[in-house]
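Residue numbers (mature numbering (1 follows the signal peptide of the UniProt record, and there is no 0)): -26 to -1, 1 to 121. Glycine residues also receive a C-beta, built at the ideal position from the N, C-alpha and C atoms. Note that the structure is a prediction, hence the values are computed from the model and not measured.
In structure tokens, the structure reads:
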């Protein structure tokens, strides 16, 4: 004997699942920040005049992490990458270590404190991403974060 399906259940179940997943999906997405990296932006400089890159970050204070994608070009092999705390005309201390884009790109997630995650979201211009290499150990390219 075949069981008759209730049309209301067929309609409401997917909607209920979507509504239940909504907060989890929003939590996973995080707050998006970006930076355009150039050698000219390095402070105190000089950076690599031929270098360029992008940084795309998703900051999630609830999970105390920053997920990122870095893409670089025009520089020798990258040896390190960081998020630093400083305004655009200053050099500042690293606050998070990122995987160096040694082959031109890298991605991953870095654990950070909830306080740092909130600060990145509230004042992204107070932070920058830079990429280092052997030719420019203080930084080959840099970009200030923005929304």
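Unbroken stretches of the beta strand (DSSP E), 3 residues or longer, contained in the segment 37 to 107: 39 to 47, 52 to 59, 68 to 72, 79 to 85, 101 to 107
Segment limits, beta strand (DSSP E) that includes residue 6: Taking the first residue of the chain shown as 1, we reach residue 6 at position 32. Segment 5 to 12, the beta strand (DSSP E) holding residue 6.
Buried versus exposed call for residue 35 [16 or more other C-beta atoms within 10 Å across all chains shown]: If you number the chain shown from 1, residue 35 lands on position 61. With 16 or more Cβ atoms within 10 Å of its Cβ, residue 35 is classed as buried.
For residue 112, the three-state DSSP class (helix, strand or coil): Numbered from 1 along the chain shown, position 138 holds the residue referred to as residue 112. It is coil, neither helix nor strand.
Short Cβ contact (9 angstroms threshold) for residue 8 with residue 120: Numbered from its first residue, the chain shown carries residue 8 at position 34. Numbered from its first residue, the chain shown carries residue 120 at position 146. Yes, the Cβ-Cβ distance between residue 8 and residue 120 is below 9 angstroms.
Segment limits, beta strand (DSSP E) that includes residue 23: What you label residue 23 is simply residue 49 of the chain shown in a count that begins at 1. First-last for residue 23: undefined, no H or E at that position.
9 angstroms Cβ cutoff met for residue 40 and residue 74: As a first step, residue 40 must be located in the chain shown, where it is residue number 66. As a first step, residue 74 must be located in the chain shown, where it is residue number 100. No, they are not a contact pair.
Straight-line gap, residue 107 to residue 68 (C-alpha atoms, nearest Å): Indexing the chain shown from 1 puts residue 107 at position 133. Indexing the chain shown from 1 puts residue 68 at position 94. The straight-line gap from Cα to Cα measures roughly 16 angstroms.
Residues bridged to residue 31 (per DSSP): As a working mapping, residue 31 is identified with position 57 in the chain shown. 7, 42.
Distance between residue 23 and residue 115 (C-alpha atoms, nearest Å): Position 141 of the chain shown holds residue 115. Position 49 of the chain shown holds residue 23. Approximately 8 angstroms between the Cα atoms of the pair.
Minimum C-alpha distance to residue 77 - residue among 29, 51, 28: In the chain shown, residue 77 corresponds to position 103, counting from 1. For residue 77, the nearest C-alpha among the options comes from 51.
Local Cβ density within 10 Å of residue 64, reported as buried at 16 or more and exposed below that: As a first step, residue 64 must be located in the chain shown, where it is residue number 90. Residue 64 should be labelled exposed.
Residue environment, residue 91, which counts as buried when at least 16 other CB atoms sit within 10 Å: Numbered from its first residue, the chain shown carries residue 91 at position 117. It is buried - the Cβ of residue 91 has at least 16 other Cβ atoms within 10 Å.
Same chain, Cβ closer than 7 angstroms to residue 87, five either side skipped, listed in chain order: Reading the chain shown from its first residue, position 113 is the one you call residue 87. Contacts found: 38.
With 16 other Cβ atoms within 10 Å as the buried cut-off, status of residue 61: Numbered from 1 along the chain shown, position 87 holds the residue referred to as residue 61. Result: exposed.
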